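Scroll down for the structure; my scribbles are underneath it.
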Amino acid sequence: MADQHIAGEVVVADNGSTDDSRELAAQAGARVVAVEEAGYGNALRGGIAAARGRCILMADADDSYDLRELPRFVEKLRAGADLVQGCRLPAGGGRVESGAMPFLHRWWGNPLLSFLARWWFRTPIHDIYCGMRGFTRACYDRLALRCTGMEFATEMIIKAARYEAKIAEVPITLHRDGRTTHAPHLKTFRDGWRTLRFFLMVSPRWLFLEPGRLLIVLGLIGYAIALPGAHIHGVHFSSHTLVVATLLLLCGYHAILFAVGVKTYAISQKIVPRDERIDALLERVTTERATLAGAVMMLIGLALFAIAFAQWRRAGFGDLDYERTMRFVVPGCALVALGFETILAGFFLGILQFFRR
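Counting in my numbering, the final residue of the sequence shown is number 1669, and the numbers go up one at a time with none missing.
Here you go:
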């Protein structure tokens, strides 16, 4: 395409168009690239791989985007941006023509998921789904995108933010879909869930770490009131509370171990950049130290079992004082389980260390 602002070529990535569509694209001067693998991400990756320019501009070929707005993307790229994202929503200065976007997408799904992207990943944009964007070849190569489906677009934004790329936003107008041969492929609830699932999968903090912290805090509170058998407003917190608190502690600890392990693996695979906090943690929490700490916890737990066993023996191996004995048995079970998990986690993180080198 060429005008007074930009000059380049048009590449059409085709992984399912009709023969007529391909012929029309070729007649219009576009270079049509056949992509065998199905999927939105595969089509874009095929087209980007075939493109020869330093800067790449992309847009859905369904008449919903006005390509005459592309020069503003080029201006941002020339000004130093690595990635320029279009914004169709009023929150970012964009405009949606009547009937161009389903009601739930416009007022609920897109704004909510874009808000989560800003909150969780610090992406400075208001429309994470917009298919009209521009980026430099260097930025794209650095991101090493992997998604083959609709998550490709959000993966690009999230990784760009994590790798501290310079991101700009351009307000645009969304027009009605001009396709007549078939309806849009986007499904409101299915694809909304796929986006949320992808957010969680690439964010160990919100999937594992924060829930784990909350569960551990609740578990410790449970122990604080159940071990002494506290009475609060006429409610007696005793052994059953202790069992539930132990469950919370175990689940929370397991979630936090998952957070560290997933983050370490993601760094090793260059899905996310290196994190100084993870580096510092892994320097301190070696396999040997984790094994020692786990063994100490297990020994303390076994000591509590021994105290309960001694009480049982003094009772002639008959009935025990249930309330008293459970205050040794339940914490003992918790410590043995936590110690065992700590030892396994130490070896698991040690294995992941080899991939980080």
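Using N, Cα and C, we set each Cβ at its ideal position, and we do this for glycine too. Owing to the predicted nature of the structure, the values given are computational and were not obtained by experimental measurement.
- Three or more beta-carbon pairs drawn from the stretch 1596–1612 and the stretch 1648–1665 are found closer than 8 Å, and the two stretches are therefore classed as touching.
- Our two residues, V1572 and P1516, have alpha carbons roughly 8 Å apart in a direct line.
- Straight-line spacing of the CA atoms in D1378 and D1587 works out to 40 Å.
- Put simply, of S1376, C1645, I1528, G1358 the residue whose alpha carbon is nearest the alpha carbon of S1410 is S1376.
- For the pair F1510 and E1463, the Cα-to-Cα distance works out to about 7 Å.
- Under the 10 Å beta carbon count, P1383 is surrounded by fewer than 16 other beta carbons and is classified as exposed.
- Contact annotation: G1443 and A1342 have beta-carbon atoms that are not nearer than 8 Å.
- With respect to the 8 Å criterion, A1480 and V1396 are classified as neighbours on the basis of their beta carbons.
- Linking G1531 to D1631 through their CA atoms gives a straight-line distance of about 29 Å.
- Following the DSSP letters along the chain, one finds A1571 inside the alpha helix (DSSP H) bounded by residues 1551–1580.
- Taking each of W1518, F1549, F1520, L1519 in turn and checking the Cα distance to I1533, the smallest one comes out for F1549.
- From the listed residues G1353, A1363, P1483, the smallest Cα separation to E1381 is found for P1483.
- Taken through DSSP and simplified to helix, strand or coil, C1645 comes out as helix.
- Here DSSP, grouped into helix, strand and coil, assigns C1367 to strand.
- Inter-residue distance for V1323 and Y1452 is about 17 Å (C-alpha atoms, whole angstroms).
- Straight-line measurement puts the Cα of G1405 at about 15 Å from the Cα of F1385.
- In chain order, C1367, D1394 place their CB closer than 6 Å to the CB of T1448, counting only its own chain and leaving out the 5 sequence neighbours on each side.
- Under the rule that a run must span 4 or more residues, the alpha helix (DSSP H) segments found entirely inside the stretch 1373–1446 read 1382–1390, 1422–1433.
- Scanning K1478, N1354, F1617, A1373 for the CA closest to the CA of A1450 turns up K1478.
- Within the same chain, and ignoring the five residues on either side of I1655 in sequence, the residues whose Cβ sits closer than 6 Å to its Cβ are T1603, G1606.
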